[in-house]
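Numbering (this note's numbering), first residue to last: 8 to 125.
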Amino acid sequence: MTILDRIKELSKSRDKTVKEVAIELGLGENYLYSLKNKIPNGQTLQKLADYFHVSVDYLLGREDIEKIKEPVDLKDVVSDHVNFEDVNWDEWLSFGGKPLTEKDKMLLFATFYNRDEK
């Protein structure tokens, strides 16, 4: 799969045409179509990766899986699997293989429980 193929796929998934993407990125209207036979410079690759929230490696075909670079709410990820009231913070969490300090544990606990109150 070429870079152009990936750009077409990503554009379509965002209801955009390749031409619209090029214009939004400040590139020539047909520039992205030229990527069928060439690789853009690093700056343009990064601009494309940032626009589509994927890695440069994905665009280059070094990764087959599209990794979305968007913020993830840890509470949403683990809340289906973890009852936070039952968490033994001493066993469950560490930083760099070392236990968390009491202050760090309290900050994490407060983050999970106070977030819904905002």
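Even glycine gets a Cβ: it sits at the ideal position worked out from N, Cα and C.
- Boundaries of the alpha helix (DSSP H) around Val28: Val25 to Glu31.
- Look at Ser20 here: in three-state DSSP terms it is helix.
- A direct Cα-to-Cα measurement between Asn48 and Lys54 gives close to 10 Å.
- Phe59 sits close to Leu17, with the two beta carbons spaced by under 8 Å.
- The alpha-carbon of Pro106 is positioned some 54 Å away from that of Glu36.
- Per DSSP, Gly49 is one residue of the alpha helix (DSSP H) stretching across Gly49 to Phe59.
- Here Ser62 carries a coil assignment [DSSP, helix/strand/coil].
- If you draw a straight line from the Cα of Leu67 to the Cα of Lys23, it comes to about 20 Å.
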